[in-house]
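Protein chains: 2
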Amino acid sequence: MSKRNLQVCMSPALFDLYADRKSIVVVVDVLRATSTMCIAFETGIEKMIPVSTVEEALEYRSTNPDYVLAAERNGAAVRGFDFGNSPQYYLDHDMSGKTIVMTTTNGTKSIGIAKKDHEVIIGSLLNLDAISKWLIQQDRDVLIFCAGWKDKFNLEDTLFAGALAQNLVDSNLYDNSCDATQAAQVLWEKGKDDLFAFLDNSSHRKRLAKLNIDSDINFCLKINQTTKIPILKGDILVALDAC
Amino acid sequence: MSKRNLQVCMSPALFDLYADRKSIVVVVDVLRATSTMCIAFETGIEKMIPVSTVEEALEYRSTNPDYVLAAERNGAAVRGFDFGNSPQYYLDHDMSGKTIVMTTTNGTKSIGIAKKDHEVIIGSLLNLDAISKWLIQQDRDVLIFCAGWKDKFNLEDTLFAGALAQNLVDSNLYDNSCDATQAAQVLWEKGKDDLFAFLDNSSHRKRLAKLNIDSDINFCLKINQTTKIPILKGDILVALDAC
Numbered sequence: 441m442s443k444r445n446l447q448v449c450m451s452p453a454l455f456d457l458y459a460d461r462k463s464i465v466v467v468v469d470v471l472r473a474t475s476t477m478c479i480a481f482e483t484g485i486e487k488m489i490p491v492s493t494v495e496e497a498l499e500y501r502s503t504n505p506d507y508v509l510a511a512e513r514n515g516a517a518v519r520g521f522d523f524g525n526s527p528q529y530y531l532d533h534d535m536s537g538k539t540i541v542m543t544t545t546n547g548t549k550s551i552g553i554a555k556k557d558h559e560v561i562i563g564s565l566l567n568l569d570a571i572s573k574w575l576i577q578q579d580r581d582v583l584i585f586c587a588g589w590k591d592k593f594n595l596e597d598t599l600f601a602g603a604l605a606q607n608l609v610d611s612n613l614y615d616n617s618c619d620a621t622q623a624a625q626v627l628w629e630k631g632k633d634d635l636f637a638f639l640d641n642s643s644h645r646k647r648l649a650k651l652n653i654d655s656d657i658n659f660c661l662k663i664n665q666t667t668k669i670p671i672l673k674g675d676i677l678v679a680l681d682a683c
Numbered sequence: 441m442s443k444r445n446l447q448v449c450m451s452p453a454l455f456d457l458y459a460d461r462k463s464i465v466v467v468v469d470v471l472r473a474t475s476t477m478c479i480a481f482e483t484g485i486e487k488m489i490p491v492s493t494v495e496e497a498l499e500y501r502s503t504n505p506d507y508v509l510a511a512e513r514n515g516a517a518v519r520g521f522d523f524g525n526s527p528q529y530y531l532d533h534d535m536s537g538k539t540i541v542m543t544t545t546n547g548t549k550s551i552g553i554a555k556k557d558h559e560v561i562i563g564s565l566l567n568l569d570a571i572s573k574w575l576i577q578q579d580r581d582v583l584i585f586c587a588g589w590k591d592k593f594n595l596e597d598t599l600f601a602g603a604l605a606q607n608l609v610d611s612n613l614y615d616n617s618c619d620a621t622q623a624a625q626v627l628w629e630k631g632k633d634d635l636f637a638f639l640d641n642s643s644h645r646k647r648l649a650k651l652n653i654d655s656d657i658n659f660c661l662k663i664n665q666t667t668k669i670p671i672l673k674g675d676i677l678v679a680l681d682a683c
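Protein chains in written order, with the working numbering: chain A, 441 to 683; chain B, 441 to 683.
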């Protein structure tokens, strides 16, 4: 039996090289967009609409005043929006049944790129095992898509890619010949015992530290806090178990 | 004293994100273009003209019949050219004083991209310590530029990037906050004791194995076989110690 294809794309700028119109794409932006999406569904939101621009987000609300707007640029909440990109907001507020419109620097942009030709699910360390198990149940190729930072490689998304790739490869169902996948696994093996320390000198942790959100980082680096898997249906994310 | 900037660019498609018009760019294509360039100068060639296309190479010879033409595409020598991309050719023939015009799938393309706005030198495992020592002597920022494979990430070039980065960081003169640089160092640390085994499952080693050139791969993974550093002057590579 031929094995399923497994690839890691390390940057949105490289996505076209890995896109094959058939893989399930797992979009990851560990700090913090996709972590926040996963925990948002855990806290009971009904749906989330990821958009690429602040203007699109505002347009959604102009026709849907009940929608909650979340916007982040360069790590901070955008002025005039209900909140930014922090998972903590969802833990501190009753979000049951809400619809969130979210735009972020990297994560929602990557979703926009991937959705054109691929089925898209949302990954983070918070739902690592749930994603792994679900993917193994599908007879499909997988492309793990790191959102990076403004098209640059970043460590935290690649760490997640390595963790997920390792789980998939351990099932013996996936081919492991993609160089980027192998590199991600090496990083995960090196970093997994203390993710916070491994990312100590990373560019984005430094960027966020200036904003005093170490607690967000700590939260986003926790493994298996939810079994929710956000999946894109058209332009809208819903929880897979609610489909 | 502020430290020198040190970056790794993992793909030609990402180069513009890392380019700063002031760093010395070290172009690397371990299998096999830049390894072959380094050993070509060790065997006594006078100069090498890296070009992006087969057509450019042919044009050079039409006006310079003494030039030797080397062309590789997808791992194999191009029909009608004197030879391809193998370091072995230089070891087996008397190349003293020759001028080589070379075009390859990834390496010469990357040189073409980098030379527009940056000083360019050529790196490989074969001249690792020579490059490291020379860079440390310069008071300049450094950008290690992996040629990759058709714009995709590859393992062997990133391994070299990690080796060179580690040597530079050990000098305590360079800032080590670039995520890609840190990742490359982790890969080098993991792979350095047995590079051939580390690359066992890599995409390009598999690609070359089909062409029966394991001996070339073995050669390109040897460390410190030459102190020659090819440097680009205008459009022409010469040996740094001959400048």
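All C-beta atoms, glycine included, are put in the ideal place defined by N, C-alpha and C.
Of all residues in the segment 452 to 464 of chain A, only Ala453, Leu454 and Leu457 come within less than 7 Å of chain B when Cβ atoms are compared, listed by chain position. Around the Cβ of Phe636/B, a 10 Å sphere holds fewer than 16 other Cβ atoms; the residue is exposed. If you draw a straight line from the Cα of Ala453/A to the Cα of Ser492/B, it is about 22 Å long.
Taking a Cβ-Cβ cut-off of 8 Å, Asp634/A has no neighbours in chain B, whose nearest Cβ is about 14 Å from it. Under the Cβ criterion of 9 Å, Gln622/A is counted among the residues facing chain B. Inside the segment 453 to 530 of chain B, DSSP marks whole alpha helix (DSSP H) runs of 4 or more residues at positions 455 to 458, 473 to 482 and 494 to 503, from first to last along the chain.
At least one CB atom of chain B sits nearer than 9 Å to the CB of Asp619/A. A direct Cα-to-Cα measurement between Ser611/B and Gln528/B gives close to 34 Å. Rounded to the nearest angstrom, the Cβ distance from Gln625/B to Ala649/B is 27 Å, too far for a contact under 8 Å.
Excluding the 5 residues flanking it on each side, Phe659/B has same chain C-beta neighbours closer than 6 Å at Pro527, in chain order. By a beta-carbon distance limit of 8 Å, Met441/B does not contact Ile562/B. Their separation comes to about 29 Å. Just so you know, the alpha carbons of Lys462/B and Leu613/B end up roughly 17 Å apart. Runs of the alpha helix (DSSP H) spanning 4 or more residues and lying entirely within the segment 606 to 657 of chain B occur at 619 to 631, 635 to 638 and 643 to 649, in chain order. The beta carbon of Phe600/A sits no closer than 9 Å to any beta carbon of chain B. Beta-bridge analysis with DSSP links Thr543/B to Ala511/B. Scanning chain A for C-beta atoms nearer than 8 Å to the C-beta of Ser643/B yields Ser617, Cys618 and Asp619, reported in chain order. Residues of chain A with a Cβ closer than 8 Å to the Cβ of Val466/B do not exist; the shortest Cβ-Cβ separation is about 17 Å. DSSP places Gln665/A in no alpha helix (DSSP H); its state is neither H nor E. Across the segment 573 to 596 of chain B, CB contacts with chain A closer than 7 Å involve Asp591, Lys592, Phe593, Asn594 and Leu595, in sequence order along the chain.
In this chain, the alpha helix (DSSP H) harbouring Leu575/B covers Leu568 to Gln577. Apart from sequence neighbours up to five positions away, the residues of its chain that approach Val494/B with a beta-carbon distance below 7 Å are Ala511, Val518 and Thr543, ordered along the chain. The beta carbons of Leu608/B and Gly631/B sit about 18 Å from each other, so the pair does not count as a contact at 8 Å. Looking from the CA of Ile464/B, the closest CA among Lys646/B, Thr621/B, Leu583/B and Trp628/B belongs to Leu583/B. With respect to the 9 Å criterion, Asp469/A and Ala587/A are classified as neighbours on the basis of their beta carbons.
For Met488/B against Ala497/B, the beta-carbon gap comes to about 12 Å, at or over 8 Å, which does not count as contact.
Lys646/A reaches chain B at Ser617, counting residues in chain order whose Cβ is nearer than 9 Å.
Using a CB distance below 7 Å, no part of the segment 547 to 563 of chain B faces chain A.
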